[in-house]
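Going down the list, the sequences are from chains A and B.
When we follow my numbering, the leftmost residue of the first sequence carries the number 11, and every step to the right adds one.
When we follow my numbering, the leftmost residue of the second sequence carries the number 1422, and every step to the right adds one.
This report refers to the structure that appears directly beneath it.
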Amino acid sequence: MTTVQTALKKKGRKNGKRWTIHLFPIPALIIYSVFVLYPILAALTYSFYSFKGFSRESFVGFDNFVTLFTTEPYGSMFTNAFKHNLLYFGLQMIVMNGLAFILAFVIYKKVRGAEFFKIAFFLPRLLSVIVVGFLWKLILNPNFGTLNMLLGKLGLEELQRAWLGDPNTALISIILVNCWFGLGFGVLIFLAGFQSIPGELIEAAKLDGAKGMTMIRKIYLPLMIPSIMIMTVLTFIQSFEAFELVYAMQGSMGEPYYSTDTLAVFFYRLAFGSSTSGSSDAIGLGSALAAVLFFFILICTMIFLKFTNKKEVEM
Amino acid sequence: MKNSSMWSKPFYYVLVFAVATISLYPIFLMFLSSFKTSAEIFKNPLGLPTHFSLDTYRTLLSKVPFDQYFINSVIVSVTSVVLVVIFCSLAAYYIARFKFSWNNAIFFIFLLGMMIPIKLGIVPLFILMRDLGLINSLWSLIFMNIATGTPLTVLILTGFFKTMPTELEEAARMDGAGNLRVLWSVLLPLMRPALGTVVIVNFIAAWNDFFFPLIFITEKAKMTIPVGMLSLFGEHSADWGSLFAGLTLASLPMMILFFVASKQFMEGLTAGAVK
């Protein structure tokens, strides 16, 4: 009886095996293709068409791109937002990744309670970006917010201000909130980098009399280049996609007076915020912006990655 | 040498304590303020609540259908995670264990997704969802979560399959087990650590997703917590007690899960980047 069953199964398997296995990757491939690959490719082609609302009209070549860069208010909105994205990237690299690198080094050097500190730094990362945005909006409120209250208690009244209402501080505030959110992630990445440095290498350097800054410059920094590049690429992509936090804290207009506008928020306004653009071909313009941003992110990422590989080979 | 470590140790501790305070205090403040009335928050924002009450939570629940948001978030997150893990296990098994000539190409196509800023495809996505009749359907969010979670999940699971010895599988095959049977009863039980990682990564992403529900969901009854928060802050922005209660409720499930499995969380969220 059992032999028959096994034999039957074996026979069935032989016939079935050949093709059923090819069904395995199909569900993932279909969903991924339909909802990731198709939309991004379609967005690229949309940039060459004119639109009426959400319906595609006619092929217009590079007209959308020309309009985007040469017609007001789009041209100046683009450069304005682009500068903000650059600041987003630069400030996050210095404040967030710089601090994360130092903190990871400190934890790597074995402070007591390393596990607690890792968890503490990481905790904000669990919140939804929308929660982060709203929480900080309340904290930064000029009248009842905790930050101004705290500054008052410390006798630093002259520092109190409408953090999000003042064009000079709004964008920087948002970027720092983003740093607060992402710090712990950077710490973990850098810590993993430090921990993967072979112990013998450090011992050998110490025996040769290296210490302090020499140790950091000659041993740690070069060996940390892979993790530094990973964080650079991730921070770059995230900075140029920045949308949620600005939207949650300052709305789709990048208040006040577009001083917190980013390319993704500008894109959202073109695609969905009909009240501001007022033009019927905003979808075409939005798609042109998406295409520009897409290739900008892609090319820069490639360059970063190429640079990383070279560095690794050199060592 | 001794001298420098004597000075650097206290500096290390001051630094990590200071940053830990900045990281934790706003979250602590959020929990604390959620038990205060608005008047109390305005008068004494830094102190402890004068008496413990859940009034802010009651007001919150009477103002917005938070329970509905919560249920929607659970449905979307759980369905997305279950499906993405099943689909990606199948795909990763195929990529890692079989040597068809196109396997590398498939793997590469999946990995490409990690570099695609999918938000930029939102216009075609919106039109697609509209044509599929999925606007204001939780399925629009589930499909997006599966699709956007696929690249990293396939990467992690493929890597894991490749580290596993093939002997057990071969033994099972000798006993006549088919591919599905091998995957389900032989491999999956051994994959617990990798599965834990991918479940956590996908769950956090699904639970906290804000962008897609912002575009695809306009009906209140279909909103998940993050978009629900948007309407709460839009309509009841004066009642700070309830706002803090809403923020706390939105974050609580993730915090609880984190304290149950903090190690897996931290490993999971960095898994894609370190590998």
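C-beta: ideal position from N, C-alpha, C; glycine also.
* To do: Please list the partners that A/Trp-190 has in chain B, where partner means a Cβ-to-Cβ separation under 9 Å.
  => Ile-1443, Ser-1444, Pro-1447
* If you draw a straight line from the C-alpha of B/Leu-1653 to the C-alpha of B/Lys-1457, how long is it? -> 18 Å
* **A/Ser-285 to B/Leu-1616 span [Cα, whole Å]** => Residue placement at A/Ser-285 is flagged as unreliable, the pLDDT there being 48, under the threshold of 50; a coordinate-derived value is accordingly withheld.
* Roughly how many whole angstroms lie between the Cα atoms of B/Leu-1469 and B/Ala-1460? -> 13 Å
* the region 1585–1596 of chain B: positions lying closer than 7 Å to chain A by Cβ -> none
* Cβ atoms of A/Pro-134 and A/Tyr-267: under 9 Å apart, would you say? -> no
* Residues bridged to A/Lys-7 (per DSSP) -> As displayed, chain A neither begins before 11 nor continues past 325, which places residue 7 of chain A out of reach and without an answer.
* To do: Would you mind working out which of A/Phe-111, A/Thr-242, A/Leu-157 sits nearest A/Met-312, comparing C-alpha positions?
  => A/Thr-242
* Delimiting residues of the beta strand (DSSP E) encompassing A/Arg-66 -> 65–69
* Asked: Of all the CB atoms in chain A, is at least one closer than 9 Å to the CB of B/Pro-1647?
  -> yes
* Please classify B/Tyr-1434: does DSSP put it in a helix, a strand, or coil? => helix
* Endpoints, alpha helix (DSSP H) assigned at A/Phe-115 -> 108–118
* chain A contact for B/Val-1485 (CB, 9 Å cutoff) -> no
* To do: Report yes or no: is there a C-beta of chain A within less than 9 Å of the C-beta of B/Phe-1686?
  => yes
* Is B/Ile-1537 closer than 9 Å to B/Thr-1579 when the C-beta atoms are compared? -> no
* Asked: Does the beta carbon of B/Lys-1540 sit closer than 9 Å to a beta carbon anywhere in chain A?
  -> yes
* Determine the contact status of A/Met-234 and A/Ile-207, defining contact as a CB-CB distance below 9 Å. => yes
* With a cut-off of 9 Å, does the C-beta of B/Arg-1613 fall near any C-beta of chain A? -> no
* Touching or not, the region 1563–1575 of chain B and the region 37–46 of chain A, by the rule of three or more beta carbon pairs under 8 Å? -> yes
* Asked: Buried or exposed: A/His-94, going by 16 or more other Cβ atoms within 10 Å of its Cβ?
  -> buried
* **Bridge partner(s) assigned by DSSP for A/Phe-61** => A/Arg-66
* Proximal residues of chain B, C-beta to C-beta of A/Gly-296 below 8 Å -> Val-1544
* **Other residues of its chain near B/Glu-1640: CB distance less than 7 Å, five sequence neighbours each side excluded** => Asn-1557
* To do: Return the CA-CA distance between B/Tyr-1490 and A/Thr-318, expressed in angstroms with no decimal places.
  => 44 Å
* To do: Report yes if the C-beta distance between A/Leu-303 and A/Leu-273 is below 9 Å; otherwise report no.
  => yes
* For A/Leu-148, collect the residues of the same chain with a Cβ closer than 7 Å to its Cβ; drop the 5 residues on either side in sequence, then sort them by chain order. => Gly-155
* Looking only at C-alpha atoms, which of A/Trp-173, A/Gly-192, A/Gly-283 sits nearest to A/Ser-183? -> A/Trp-173
* Compute the distance between the beta-carbons of B/Ile-1530 and A/Leu-137, then report whether it is under 9 Å. => no
* **Burial state of B/Thr-1645, where buried means 16 or more other Cβ atoms lie within 10 Å** => buried
* Asked: the region 211–235 of chain A: which residues have C-beta closer than 7 Å to a C-beta of chain B, in chain order?
  -> Lys-221, Gly-222
* Asked: Is the Cβ of A/Ile-309 closer than 9 Å to any Cβ of chain B?
  -> no
* Using beta-carbon positions only, say whether A/Thr-77 and A/Leu-295 come within less than 9 Å of one another. => yes
* How about A/Ser-249 and A/Ala-202: are their beta carbons less than 9 Å apart? -> no
* Work out the CA separation of B/Leu-1532 and A/Gly-123 for me, nearest whole Å. => 37 Å
* To do: Measure the CB-CB distance between A/Gly-196 and A/Met-106 and report whether it falls below 9 Å.
  => yes
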